[in-house]
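Here is the structure we will look at, set down as structure tokens.
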Amino acid sequence: MSFSAAKCVQPLPLNSTTPRSTEKPLSFDPFRTSSSFLGSTHKLRFNGLSKTAQHNSHSRSAVVAVSDVVQEKKTKAISNLLITREEGLELYEDMVLGRAFEDMCAQMYYRGKMFGFVHLYNGQEAVSTGFIKLLKKEDSVVSTYRDHVHALSKGVPARAVMSELFGKATGCCRGQGGSMHMFSKEHNLLGGFAFIGEGIPVATGAAFSTKYRREVYKDPNADQVTLAFFGDGTCNNGQFFECLNMAALWKLPIVFVVENNLWAIGMSHLRATSDPEIWKKGPAFGMPGVHVDGMDVLKVREVAKEAIERARRGEGPTLVECETYRFRGHSLADPDELRDPAEKKRYAERDPISALKKYIFENKLASEEELKAIDKKIDEIIDDAVEFADESPLPLRSQLLENVFADPKGFGIGPDGRYRCEDPKFTEGTAHV
Amino acid sequence: MATIFQGVGAATAFSASNSFDSQKLHLPSRRSLSERKASIFVVRSDARVNQARNGGARRAESLISTAVATKPDSSAASTSSKPGHELLLFEALREGLEEEMDRDPSVCVMGEDVGHYGGSYKVTKDLAQKYGDLRVLDTPIAENSFTGMGIGAAMTGLRPVVEGMNMGFLLLAFNQISNNCGMLHYTSGGQFKIPIVIRGPGGVGRQLGAEHSQRLESYFQSIPGIQMVACSTPYNAKGLMKAAIRSENPVILFEHVLLYNLKERIPDEEYVLSLEEAEMVRPGEHVTILTYSRMRYHVMQAAKTLVNRGYDPEVIDIRSLKPFDLYTIGNSVKKTHRVLIVEECMRTGGIGASLTAAINENFNDYLDAPVVCLSSQDVPTPYASTLEDWTVVQPAQIVTAVEQLCQ
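Chains as they are written, first to last, in the numbering used here: chain A, 1 to 433; chain B, 434 to 840.
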């Protein structure tokens with residue numbers, strides 16, 4: 001379907017079927033009632049922000065609407081199920097891998113095996129798995145500082161990620177990147193960006209490359225999709241807005257995936273953002289905006305499928321807001337004392353892995369033994385990754401200067417008239433640069 | 434963000450008369466010189482052990498290193514019977530860009546007003562018509578994002594040339610230039626290359642005001658993993674543009690607002706310059722004057738006076754601002770034993786400061802006098818022409834500095 005100007009106003013067609021928001025009582029307070037949106041229990045003072053209430057009711061409808069789409073589609077299918085057995089097991093395995101990997105990271109961090117800032121993904125697995133498992137290998141992923149699990153979902157071996165975290169030469173970036181800078185050219189993982197927002201333009205550039213190959217090189221196979229992952233905090237950064245604009249302007253094959261975990265370290269999303277419904281910023285830029293329950297991998301997957309296919313067809317970008325929650329502090333250095341225990345508990349009860357498990361059992365897609373076998377397999381993978389990382393060598397001094405320049409002539413010409421990189425001290429890593 | 438149109442007109446005036454308003458500039462600057470002498474001559478002593486390396490191994494590659502315009506007193510006037518073709522500096526940049534776009538379909542341009550408008554200094558004039566809107570991409574005014582987009586495109590197989598409409602605007606892209614241009618190849622363990630060129634007009638123009646008169650090379654020089662070159666003649670502008678595009682490294686190409694309309698005859702045949710080599714502008718014996726970009730012309734003007742007074746200065750356009758060509762610089766220092774650096778960059782933390790350090794570290798034994806560095810004053814570039822003139826180094830100051838240095 002092409003994205004006509006008329007639809008720009010309300011890219012989610014089902015929005016129009018919802019009651020006019022003005023019909024809602026104006027005294028409605030979204031943050032004190034049982035709103036499905038933004039589950040933070042963080043207290044806010046409202047001074048008659050009836051507008052927010054209106055927006056909220058709108059958003060709720062949108063979420064429901066998406067779910068309705070999903071349900072409707074499935075009833076038409078032969079089976080009522082959202083996923084096949086194989087898909088279910090793949091999703092389960094990927095989510096368990098992400099969870100177990102991060103838990104092991106915490107252990108290794110406290111044991112002094114890794115250092116620096118380590119941001120764990122626990123609780124958000126449905127987003128990574130729901131999106132990335134739909135990608136082809138040629139598709140690209142751009143992540144943030146919370147990137148281990150995106151790397152794993154994209155197929156980077158656990159050994160390479162763990163080894164990178166241990167700062168070893170066998171890491172996916174030879175130990176030169178670390179927790180927040182995971183890259184894999186082979187898997188088209190373009191990073192690992194440690195500052196807020198800076199990955200979004202890079203992702204936009206990757207999507208631009210695809211369009212360029214298709215239109216300038218006339219390559220019919222250039223249908224790769226780029227996913228840009230980032231959080232709610234980033235959505236108040238200029239690069240987010242700038243890139244939504246450019247991506248929509250040029251119809252780039254990209255999906256902007258907001259992992260709204262409600263907290264930017266200690267800043268509540270509600271305290272930081274004038275209109276907390278991030279998905280609505282999509283239509284403002286002329287692209288669909290979708291709000292989805294980020295704790296439900298099946299819902300994420302349905303939305304992701306549509307957004308990715310839309311990008312692949314050349315119909316432009318989509319903004320997807322996945323409402324999720326991190327089960328641990330911002331990083332392992334964060335004591336996580338600020339967030340309300342009741343809020344944490346509420347989300348813990350909605351653990352995306354347990355939810356998928358429940359779905360699998362209820363629909364008899366697999367037995368408990370089968371899932372346990374997967375758990376065991378993952379435990380072995382993680383143990384193997386730790387063992388591999390532990391036994392791997394630290395980078396040698398000779399590595400120090402190797403990747404500063406792609407062309408080492410960038411080190412310049414020395415007093416003797418030779419390119420400095422020809423000096424053996426450069427291969428030894430002992431040269432003074 | 435304001436656009437500057439002033440460059441074209443102003444530069445025409447500049448190139449039309451090679452004397453460059455010498456009378457107008459000499460008088461006030463002499464006056465100012467006497468007032469500020471103390472601040473100009475900062476004696477630098479560096480007690481470091483000399484690490485000068487001997488040996489004259491020949492350079493692996495021999496590239497064209499002299500340009501028609503590098504004759505000591507290049508004249509804009511050339512007869513049409515000479516080989517080559519005559520063009521302005523902005524046209525030379527454009528020619529280099531066009532040749533590379535013809536040669537390699539992955540080369541593309543992005544930036545503000547580079548397409549339909551042809552670039553605010555016309556470096557990309559008519560290229561959009563020839564190559565289409567995608568290869569010559571007009572971007573919204575969003576420096577950090579379109580620079581980042583260029584980086585993402587470079588990581589995935591393109592060779593983008595990103596134009597900063599004014600170099601100063603690239604301050605808004607500093608995060609992308611530093612974190613991603615400079616570091617990403619390294620942090621990715623060498624997996625991703627960033628063959629990007631970031632270019633644009635900088636420097637002190639004609640009363641452009643503080644924000645549009647910045648010399649960002651001082652800010653960018655400490656970013657690891659990038660190379661920086663500054664062009665100063667149509668010949669080297671074209672050769673450096675082509676080299677920058679072909680480089681696997683991210684390269685920042687500095688152009689100067691006042692040099693776009695410099696005219697020169699350049700060869701018809703294709704040539705590419707080395708990004709790492711300095712350019713011998715005028716061989717001499719008494720003192721080495723290291724300069725780059727527009728200050729090259731202030732130096733050459735001073736050189737004329739100096740020659741009349743019996744001095745024989747050697748003038749080198751360092752061209753590569755990062756890394757420095759220590760071979761060319763070193764050979765000169767070994768010959769003259771005296772160094773004067775003339776730059777438009779800021780005094781504190783500028784290119785001159787780094788160059789001084791590099792010379793002291795490498796060639797201290799060959800120096801008969803401390804390195805002298807003439808830089809711009811550490812003030813926001815003033816609007817008023819008198820104040821602006823006193824901010825940047827003027828030819829008279831160079832003459833005085835050389836006379837003192839050679840005493």
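Using N, Cα and C, we set each Cβ at its ideal position, and we do this for glycine too.
All of these numbers come straight from a predicted model, not from anything done at the bench.
Contact under 7 Å by Cβ, residue i with residue j
i: residue 668(B); j: residue 644(B); result: no
i: residue 160(A); j: residue 180(A); result: no
i: residue 781(B); j: residue 646(B); result: no
i: residue 676(B); j: residue 705(B); result: yes
i: residue 199(A); j: residue 142(A); result: yes
i: residue 545(B); j: residue 582(B); result: no
i: residue 381(A); j: residue 158(A); result: yes
i: residue 323(A); j: residue 260(A); result: yes
i: residue 694(B); j: residue 560(B); result: no
i: residue 413(A); j: residue 619(B); result: no
i: residue 802(B); j: residue 838(B); result: yes
i: residue 617(B); j: residue 539(B); result: no
One or two residues paired with residue i in a DSSP bridge
i: residue 593(B); result: 541(B)
i: residue 297(A); result: None; residue 297(A) has no bridge partner.
i: residue 289(A); result: 319(A)
i: residue 260(A); result: 323(A)
i: residue 666(B); result: None; residue 666(B) has no bridge partner.
i: residue 181(A); result: BP columns for residue 181(A) are empty, so no partner.
i: residue 808(B); result: The partner list for residue 808(B) (beta bridge, DSSP) is empty, contrary to what the question assumes.
i: residue 521(B); result: 696(B)
Residue-chain proximity (residue i, chain B), Cβ-Cβ < 7 Å
i: residue 202(A); result: yes
i: residue 251(A); result: no
i: residue 89(A); result: no
i: residue 328(A); result: no
i: residue 174(A); result: yes
i: residue 314(A); result: no
i: residue 244(A); result: no
i: residue 107(A); result: no
i: residue 417(A); result: yes
i: residue 266(A); result: no
i: residue 183(A); result: yes
C-beta neighbour in chain A for residue i, strict 7 Å
i: residue 770(B); result: no
i: residue 586(B); result: yes
i: residue 765(B); result: no
i: residue 618(B); result: yes
i: residue 581(B); result: yes
i: residue 495(B); result: Per-residue confidence for residue 495(B) stands at a pLDDT of 34, beneath the threshold of 50, marking its modelled position as unreliable; the derived number appears in the next sentence. It does not: the Cβ of residue 495(B) has no partner Cβ on chain A nearer than 7 Å.
i: residue 831(B); result: no
i: residue 760(B); result: yes
i: residue 653(B); result: no
i: residue 573(B); result: yes
i: residue 621(B); result: yes
Chain A contact residues for residue i, given Cβ-Cβ distances below 9 Å
i: residue 757(B); result: 412 and 413
Proximal residues of chain B, C-beta to C-beta of residue i below 8 Å
i: residue 287(A); result: Under the 8 Å cutoff, chain B gives no residues; its nearest Cβ is about 15 Å from residue 287(A).
i: residue 151(A); result: The premise fails here: residue 151(A) is roughly 12 Å from chain B at the closest Cβ pair, so nothing lies under 8 Å.
i: residue 206(A); result: 585, 586, 588 and 589
i: residue 190(A); result: 585, 588, 589 and 625
Contact set between residue i and chain A, taken where Cβ atoms lie within less than 8 Å
i: residue 696(B); result: Those within 8 Å of residue 696(B) in chain A number zero; the least Cβ separation is about 30 Å.
i: residue 658(B); result: 404, 405 and 410
i: residue 626(B); result: 406
Closer than 7 Å at the beta carbon, the chain B residues around residue i
i: residue 409(A); result: 709
i: residue 215(A); result: 567
i: residue 167(A); result: Ordered by position in chain B, no residue passes the 7 Å Cβ test against residue 167(A), which lies about 12 Å from the chain.
Contact set between residue i and chain B, taken where Cβ atoms lie within less than 9 Å
i: residue 198(A); result: 577, 581, 608, 609, 612 and 613
Supposed close pair residue i, residue j - CB separation, criterion 8 Å
i: residue 248(A); j: residue 286(A); result: 5 Å
i: residue 635(B); j: residue 689(B); result: 7 Å
i: residue 594(B); j: residue 662(B); result: Residue 594(B) to residue 662(B), Cβ: 14 Å. No contact.
i: residue 834(B); j: residue 773(B); result: 5 Å
i: residue 758(B); j: residue 711(B); result: 4 Å
i: residue 225(A); j: residue 131(A); result: Contact doesn't hold; Cβ gap of about 10 Å is too wide.
Proximal residues of chain A, C-beta to C-beta of residue i below 7 Å
i: residue 797(B); result: Per Cβ cutoff of 7 Å: no residues; residue 797(B) is ~12 Å from chain A at best.
i: residue 681(B); result: 406 and 407
i: residue 591(B); result: 209 and 212
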